[in-house]
Each structure stands twice: as C-alpha cells, then as structure tokens.
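S.K.:
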Amino acid sequence: MADDDALRAYRARLREWLAAHAETAPRRTVLEPLDDDDVRGRLAWQRTLSEAGYAGVTWPERFGGAGGSPAEAVAVEQELEAHGVATAFDFIGIGMVGPTLMVHGSAEQQDRHLEPLLRGDEPWCQLLSEPGAGSDLAAVQTRARRQDDGTWAVDGQKVWTSFAQHAAFGILLARTDPDVAKHKGLTMFVVPMDAPGVTIRPLRQITGDAEFNEVFLDDVRLCAEAVIGAPGEGWKVALTMLGFERVAVGSGLHATPLDQLVAAVGAHADDREDPAVRVRLGEVASQLLALRHTSERVVEQVSQGQVPGPEAGLIKITSVLASLDACRLAVDVRGAQALVAPEWGHQVSMLPGVRSAGGTEEILRNVIGERVLGLPPEPRVAA
Amino acid sequence: MSAAAMFRALSDEQGFLVEAARDALGRVATLEAARAALDGGPAPDLWPLACEAGWAGLLVAEDAGGAALSAAEATLVLEECGRRLADARLLGHLPATALLGAAPDAGGGLLGQLADGTRRAALVDPAVGGRGGRLTLRRDGAVARATGHVPGVLDAPGADVLVLVGEDEEGLPAAGVVAAEAGGVALDAVAGYDATRAVGDVALDDLEVRVLDLAPARARDGADLQRLLLAAESVGAASAALELARDYAVDRVAFGRPIGSYQAIKHKLVEMLRRTEGARSVVIAAARQWDEERERFALTANAARVTAADALGFCALESIFVHGGVGATWEHDASLTYRRAEHARRLAGGTTAAADAVAQALFALVPAADRTTTPREVSGQHVRS
Numbered sequence: 458m459a460d461d462d463a464l465r466a467y468r469a470r471l472r473e474w475l476a477a478h479a480e481t482a483p484r485r486t487v488l489e490p491l492d493d494d495d496v497r498g499r500l501a502w503q504r505t506l507s508e509a510g511y512a513g514v515t516w517p518e519r520f521g522g523a524g525g526s527p528a529e530a531v532a533v534e535q536e537l538e539a540h541g542v543a544t545a546f547d548f549i550g551i552g553m554v555g556p557t558l559m560v561h562g563s564a565e566q567q568d569r570h571l572e573p574l575l576r577g578d579e580p581w582c583q584l585l586s587e588p589g590a591g592s593d594l595a596a597v598q599t600r601a602r603r604q605d606d607g608t609w610a611v612d613g614q615k616v617w618t619s620f621a622q623h624a625a626f627g628i629l630l631a632r633t634d635p636d637v638a639k640h641k642g643l644t645m646f647v648v649p650m651d652a653p654g655v656t657i658r659p660l661r662q663i664t665g666d667a668e669f670n671e672v673f674l675d676d677v678r679l680c681a682e683a684v685i686g687a688p689g690e691g692w693k694v695a696l697t698m699l700g701f702e703r704v705a706v707g708s709g710l711h712a713t714p715l716d717q718l719v720a721a722v723g724a725h726a727d728d729r730e731d732p733a734v735r736v737r738l739g740e741v742a743s744q745l746l747a748l749r750h751t752s753e754r755v756v757e758q759v760s761q762g763q764v765p766g767p768e769a770g771l772i773k774i775t776s777v778l779a780s781l782d783a784c785r786l787a788v789d790v791r792g793a794q795a796l797v798a799p800e801w802g803h804q805v806s807m808l809p810g811v812r813s814a815g816g817t818e819e820i821l822r823n824v825i826g827e828r829v830l831g832l833p834p835e836p837r838v839a840a
Numbered sequence: 012m013s014a015a016a017m018f019r020a021l022s023d024e025q026g027f028l029v030e031a032a033r034d035a036l037g038r039v040a041t042l043e044a045a046r047a048a049l050d051g052g053p054a055p056d057l058w059p060l061a062c063e064a065g066w067a068g069l070l071v072a073e074d075a076g077g078a079a080l081s082a083a084e085a086t087l088v089l090e091e092c093g094r095r096l097a098d099a100r101l102l103g104h105l106p107a108t109a110l111l112g113a114a115p116d117a118g119g120g121l122l123g124q125l126a127d128g129t130r131r132a133a134l135v136d137p138a139v140g141g142r143g144g145r146l147t148l149r150r151d152g153a154v155a156r157a158t159g160h161v162p163g164v165l166d167a168p169g170a171d172v173l174v175l176v177g178e179d180e181e182g183l184p185a186a187g188v189v190a191a192e193a194g195g196v197a198l199d200a201v202a203g204y205d206a207t208r209a210v211g212d213v214a215l216d217d218l219e220v221r222v223l224d225l226a227p228a229r230a231r232d233g234a235d236l237q238r239l240l241l242a243a244e245s246v247g248a249a250s251a252a253l254e255l256a257r258d259y260a261v262d263r264v265a266f267g268r269p270i271g272s273y274q275a276i277k278h279k280l281v282e283m284l285r286r287t288e289g290a291r292s293v294v295i296a297a298a299r300q301w302d303e304e305r306e307r308f309a310l311t312a313n314a315a316r317v318t319a320a321d322a323l324g325f326c327a328l329e330s331i332f333v334h335g336g337v338g339a340t341w342e343h344d345a346s347l348t349y350r351r352a353e354h355a356r357r358l359a360g361g362t363t364a365a366a367d368a369v370a371q372a373l374f375a376l377v378p379a380a381d382r383t384t385t386p387r388e389v390s391g392q393h394v395r396s
C-alpha cells in the first residue's frame, strides 16, 4: 500500500511538472518526419526532461539518472503520452547503449559518456548491421586490427544506422580475430562519429527522408580504451544490448494511435453510417487494442521488476501489421489524396522498413518459436 | 509449454479457481463426449459439474447465495472450459444472472435458485442471437408484453428462466424475466455444427414478463458480457489447438528433421501464439473494465470477441495443417476444435456484428468533424442500427 501511495504522489508531482512544461515541449509524433531543427528541439527537450529526472528514470544517480523504479519509468511514459508530449530523442542511447555501458563499460567510459548521453548533449547510434550481415549479426566483416602501439585501425562498412547523422558517438561491433569461430572473434568499440575516416552517407528511404545511413570506416584509429569489455567479448556485449533493445521495441513505439485512426475514418457522418467502413474499422481497431493491451501486460511485468522474454517481440510484429492495416483503412476512406498528406502517407512509407528494424520479422519468429514455444532450431551451418 | 503462462499475473484466489477448474474438467472425457455427440450420442451434461464447482453463482452476490466474483474470474473459468472444448452452459447462464443481479427488484429467491444451479437461465437478446431476430417489450407498469423471435439463442434448450432484452416503446433497450415453461414461449432446439452446444430458436407471442428495473445502457451489458465470455472460451480453445500442434511439431520427423524446425511450420505456430496472446490481452482488459471502467466495457468486450474469434479460427485451421492428413480425419481432436471455431464465430451475433459494435463505440467517443452526426450515434455504443 505504501508503494502505491508513493507512486501516486510521484505521478501527481509529474503531472504538476508537465502542466508547467507541456506547452513548450515538442509534440509527440509517431513515424513523422524530423528535420534538423526538430532534432535540435527534441535534444533540448531531452535535457529538460533529464534535469527533472524524467529521462533515464531508472538510471542510477551516479550516472546522472533519477534512480527511480521501473514503475516510475512506466508512469512517465504514460503521462508523456497522455499529454501528447515527445519523449527523449535519443532512445537508442538511453534505452540500449547507456544500459550496455553500465554493464560492460569501464569506469572511465561510464564517467565520460553516460551523463552527456542522458542530457542529450551527445546522442548515440548503433554501428551493427552490415551489407553482408543484417539479422545474422555475428557475421560482421568490419575489421579492427591492433597496432603495435595498442591502438586499433578499423576498416569496413555499416548500414541501416538510424540517426548516425545526429550522433556524437557510435557503438561499433567489429571483427578483431578472423581465425576463430564467428561469434568469438568480435569486439565492441566506442567510435567518435567525427573521427577521421568516418563517412556518413544518408540512405533515402521510401518516405523520402533519410533516417537510416550508411557509415564507412576507412582506417579509423581508435585508442586502446575504446574497447568495451575486453577484446573478443563483442558478442556478449552485443547480446546484452539486444536484450535491452527487446524491452525498448516491446513498447509498441511505432503503432498508429487509435484516436488518430478513428478521427480520420469517422470524420464524416456518411462514413460512420457505412456498415462496410464500420466493420473494417472494428476489425482494425480490435488489432490495435490487442496491441495496446498486450503492451500493458509487458509494462505491468516491467513495473514489477521482471524482464520481458522474447515474446515481447510479438508486440513489434503486431504493431507493424496492425498499423499498416490502419493506414490502408484511413487512406481507403479518405481517398488516394491522403497518401500524399504527411499524416498517413509518411506512415504508409515508413512501416515496411520498420518491419525489418531491430531484427527482421522472420528472425523474431525464429527466436520466439525456439525460446518461447520450445521448437527445435533451424539446422545451422557451422561457422 | 510456457506460452500459456506468459505475462500472466493471477491472484492466489484466481490461481486456485483455475486449478480447481482444471481438476474438475479433467475428470470428464469432454473431447470423447464431443465426438460421441456428433455420432448422435447424448450431449455431455456438465451442468452438475458447474454447480458443484460454484460456477453457476459466480456472478451472484453473496447475500443471494452466490460467490460474488467478477468478470475476470468468469473469463478464467470459460478459458478452461474452452481448453477442453467443454460447454458447461455458462455462456447463457452467467450473463443472465449478471443482468438479474444488477436489477434492484430481481427477487432474491430466483437469484438464489440460479446461484445454486437449481434453475438455469439463458439470455434472449437479438443482439446476441442469430440474424433477423427482433424482440419488443412494451411496458405496462411492473410487467411488459414481449413479442418477437430470436434465432440461435445460446443455452436456450434446457433453460428454466429466460432473461429477455428487447426494445421498449421508445426504441430503447429494456429487460424482463420470464419462466421458460410459461405459455407463449416457443423454444426449438437446433442441431449445431459443434454438437457440444445447446442452441435454440425462441419465439414469444404477446407474453407477459416481469420488467427488470435497469437503465437502458445497462440492459445491453448482458450481451456484451456474453461476447466477452465467448471470447475467453475461444482463447482457451485456441491455446489448446496451439499446444496440440506444437507438441506434434516437436515429435513428428520429416526429411530427417522435426517439422517444428522448418520455418514454414515454426512461423505458423508463432503466428498462432501472436494472435492468441493478443486476444488474451483484450479479454483481460475487458474483464477489468467490467469492474473498473464500465463505460469502456462494450468497446473492449466486442474487440475481445473479434480478436478471439480470429485467433481461434486461425489456430483451429492451421493446427489441422500442421498435423497433415491425419489432422483432417474424423478421429483426430483437431477436427473438434475446428468445429468449435467455425460454429463459435457465428454465435452471439457473429463477429461482424461485434466489429460493428467496436466501431460504434469508438465513434461515440470521438465526435464527427462535420457535426452532422445523428443523435442515434451519439446516444451510445449500445444502440444498434
């Protein structure tokens, strides 16, 4: 009971704070384009949130966080959403890179990076996927060679790197020993994105925007202290980060908001009277409600201090499939012109790419099939 | 399999309820009985089991002799019934008792008999009957005259008490109660594709019934609750179909590998899990709203109905495919689940009507931009076109 009272008081303080700040805050967007000004505004808002303890809520205080409980983090997410206010911009840094550094980073790395990351001064990106290694992450070919002076020289190419153009640092998975089995010869590094030899080339997506990037690494020199964990431990560090990623995608981040769909489909009385429109809306809305309430189950689990299992990946699959259905319904009802309006056209163009982000749907289904349903693994060719 | 337990947080009492339901239903050969019923054998009568377990009075207040539990517990019991393809006649009885219990003038004696199972009730509402049903209740003080015809009423055959919901003289939902044996009630049992079900056509010819003092918005709660309970039952059946298929996919070897190692099969099973867990989430949310947020209950209960019918339809069909030819034989249990799926999606008004109800509930929450919406839509999610 005491816990409930404390949480209620926390939420009350949060609402009071939001009442004073919500007006100047960036609007919450879902799959809508962000230009450089938007990103600057979002980073400034991240600083405001972090100073108030509402970004990185569960981060320990010694890393600049609020030292809060998972339940408080959930309350912050819920209240920000209810107020239509944006969350912190650098969800990659706060949700995935930062927690990974807390587990595997050196004390120096933690001191140097965590606080600026949280405050939005130094956003991060993940340099993981490669043209030849997408979901089969352990097949990365980017090479880091140790020099006589203990530094590293990195050559290779990464791809599908979200927000690389805005990032101050990247977390890089590279092969440091080509002579051992593929999971064993990997090392994780910290890379300054402005280091000589780093070239960022935006990839224009179906939306017309460039959120993804190619990143070329051409004789990039990294100091010995850039290694996260130890040489050869890159796969272990990557698995830790992918575990945090699962929790992050489990929030149904990319889903079409139900209110937005209902407002678009039900804007005119004629459509509300059309039984065919109503039945389709009912079916699509039911899927979005299934998504929302499954997220609530995961959130409840997190707020009880449990770590969601791979089944949380089901939320990501549903969020893409149901959102595509929702967009198509909205455009069918509003007419083809709705495809060129930012509200629906951008989502329609964005969702096919989201389907592969953070691990393809097929890989997710393999993982869930094997780890949740206990099905036998695919035969794998030994590396 | 851990899937059935994933993200599940039950109270101790709810855990005991589920365990007890599993034990009780485990003592009855429900699947064998379902198949025997198809061959013309007697339909399994699980009513004594339901009464002994206390399910008949699950939603009835304690002072009327009930267990005073709520929709969450009812969905848990129905899920277990669905898992074993059992039909304990609760889909008709529980919503009827919920409506009676909500009316201040229901009469403690009748509720007590319904709570201990001495008498069985069914809900007669065109909203959860087959297509083309109509029912009017013209009020005259504490009584009303009921006229109409409602096809496909769940659990009507064998019911002692009928709780009627129809339109009053103003076109608003109104409720009444009458004994099934009263003159003026015609009740014809109809054979179902799923032989475990008791379904009947009910006709009422200017019959005098006792009026239940319920607000119009509350009179439709019984129909929405029935849809939720059917959804919970479907989630249970879908889980069972998934488990059956999963176990087979682990054991069955083809081309030197267990078939569950092939992506084609693995991804099918994960899709079963995805749809079943999505539906289960909506069932859990709707059951909570029955207690905590009744104004959203119609929306979520109907969404539960839509997603659960989808999950069961998918799981029942794909489970047959995972089993290959043997799954399509008369002897295999997969065929019984398939019968239940195809029949169930058309019961309680059918899933199309449930989807329509979801849309109407949503439109009621978000006003039309052009403000030419008719009052009928604004007046509430319970009003059907």
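Residue numbers (the working numbering), protein chains in the order written: chain X, 458 to 840; chain V, 12 to 396.
Built from N, CA and C at the ideal position, the CB exists for glycine as well.
In this text, all values refer to a predicted model and were calculated from it rather than measured experimentally.
1) Using alpha carbons as the reference points, say which of V:Asn-313, V:Asp-262, V:Arg-305, V:Gly-360 lies closest to Leu-832 (chain X).
2) With His-160 (chain V) as the anchor, note down where its beta strand (DSSP E) starts and where it stops.
3) With distance defined between alpha-carbon atoms, name the residue in V:Ala-320, V:Ala-309, V:Leu-49, V:Pro-137 nearest to Ala-209 (chain V).
4) Suppose contacts are defined by Cβ-Cβ distances below 9 angstroms. Is Ala-228 (chain V) in contact with Ala-352 (chain V) by that definition?
5) Measure the C-alpha to C-alpha separation of Val-213 (chain V) and Ala-132 (chain V) and round it to an integer number of angstroms.
6) Name, in chain order, the residues that DSSP records as bridge partners for Phe-673 (chain X).
7) Please determine, among V:Leu-110, V:Glu-342, V:Ser-81, V:Leu-111, the residue with the shortest C-alpha to C-alpha distance to Ile-295 (chain V).
8) Comparing the C-beta of Gly-716 (chain X) with each C-beta of chain V, is any distance below 9 angstroms?
9) Suppose you measure from the CA of Ala-83 (chain V) to the CA of Arg-95 (chain V); what does that come to, to the nearest Å?
10) Please tell me whether Ser-272 (chain V) has its Cβ less than 9 angstroms away from any Cβ of chain X.
11) Taking Glu-219 (chain V) as part of the beta strand (DSSP E), name the residues at either end of that continuous run.
12) Please state the DSSP three-state secondary structure of Asp-235 (chain V).
13) Going along chain V, which residues have a C-beta under 9 angstroms from Arg-837 (chain X)?
14) Measuring alpha carbon to alpha carbon, tell me which residue in X:Thr-599, X:Ser-780, X:Phe-701 is nearest Leu-745 (chain X).
15) Note down, in chain order, all residues in the region 29 to 40 of chain V with a beta-carbon under 7 angstroms from any beta-carbon belonging to chain X.
16) Assuming Gln-300 (chain V) contacts Thr-311 (chain V) (C-beta within less than 8 angstroms), just tell me the rounded distance between them.
17) Could you list the residues in the region 354 to 373 of chain V with a C-beta less than 8 angstroms from some C-beta on chain X, going in chain order?
18) Taking 9 angstroms as the CB-CB cut-off, is Arg-754 (chain X) touching chain V?
19) Along the chain, where does the beta strand (DSSP E) containing Thr-644 (chain X) start, and where does it finish?
20) Which residues does DSSP pair with Trp-609 (chain X) in a beta bridge?
21) Within 9 angstroms (strictly less), CB to CB, does Glu-768 (chain X) reach chain V?
22) Can you check whether the CB of Ala-530 (chain X) is closer than 9 angstroms to the CB of Thr-515 (chain X)?
23) Mind the definition here: the region 135 to 149 of chain V touches the region 263 to 280 of chain V only if three or more C-beta pairs lie below 8 angstroms; say whether that holds.
24) Would Asp-492 (chain X) be called buried (16 or more neighbouring beta carbons within 10 Å of its own) or exposed?
25) Using 9 angstroms as the limit for Cβ to Cβ distance, is His-334 (chain V) near chain X?
26) Tell me the rounded alpha-carbon separation between Phe-27 (chain V) and Leu-89 (chain V).
27) Below 8 angstroms on the Cβ atoms is my guess for Ile-825 (chain X) versus Val-281 (chain V); work out the distance and round it to an integer in Å.
28) Does His-160 (chain V) come within less than 9 angstroms of chain X when only Cβ atoms are used?
29) Please report whether the beta-carbon of Asp-321 (chain V) lies at a distance below 9 angstroms from any beta-carbon of chain X.
30) Does the region 328 to 335 of chain V come close enough to the region 682 to 691 of chain X that 3 or more CB-CB pairs lie under 8 angstroms?
31) With the cut-off set at 9 angstroms, would you say Gln-583 (chain X) and Met-559 (chain X) are in Cβ contact?
32) Which residues in chain X sit within 9 angstroms of Pro-269 (chain V), going by Cβ to Cβ distance?
33) Residues of chain X with a CB under 8 angstroms from the CB of Val-288 (chain V): which are they?
34) Could you tell me the distance, in whole angstroms, from the CA atom of Gln-503 (chain X) to the CA atom of Glu-254 (chain V)?
35) Would the region 792 to 812 of chain X and the region 659 to 670 of chain X be scored as touching if the rule is three or more Cβ pairs under 8 angstroms?
36) Report the option in X:Ile-772, X:Arg-822, X:Ala-543, X:Arg-729 whose CA atom is closest to the CA atom of Ala-380 (chain V).
M.R.: The short version:
1) V:Asp-262
2) 154 to 165
3) Its Cα nearest to that of Ala-209 (chain V), the residue V:Leu-49 stands out among V:Ala-320, V:Ala-309, V:Leu-49, V:Pro-137.
4) no
5) 13 angstroms
6) According to DSSP, Phe-673 (chain X) bridges with X:Gln-614, X:Thr-656.
7) V:Ser-81
8) Note on identity: in this sequence residue 716 (chain X) is Asp, with Gly being the wrong assignment. Asp-716 (chain X) has a beta carbon lying within less than 9 angstroms of a beta carbon in chain V.
9) 19 angstroms
10) yes
11) 210 to 223
12) helix
13) Around Arg-837 (chain X), no beta-carbon contact reaches into chain V at under 9 angstroms, the shortest distance being about 10 angstroms.
14) X:Ser-780
15) none
16) 5 angstroms
17) Thr-363, Ala-365, Ala-366, Asp-367, Ala-368, Val-369, Ala-370, Gln-371, Leu-373
18) yes
19) Thr-644 (chain X) -> beta strand (DSSP E) spans 643 to 649.
20) Beta-bridge analysis with DSSP links Trp-609 (chain X) to X:Arg-603, X:Leu-679.
21) yes
22) For Thr-515 (chain X) and Ala-530 (chain X), yes; Cβs fall inside 9 angstroms.
23) no
24) exposed
25) no
26) 15 angstroms
27) 5 angstroms
28) No, His-160 (chain V) lies away from the interface with chain X (no Cβ there is under 9 angstroms from its Cβ).
29) Chain X, which has a Cβ nearer than 9 angstroms to the Cβ of Asp-321 (chain V), makes this yes.
30) no
31) no
32) Leu-832, Pro-833
33) What sits at residue 288 (chain V) in the sequence shown is Glu, not Val. Here the neighbours are Thr-751, Glu-768, Leu-771.
34) 46 angstroms
35) yes
36) X:Arg-729
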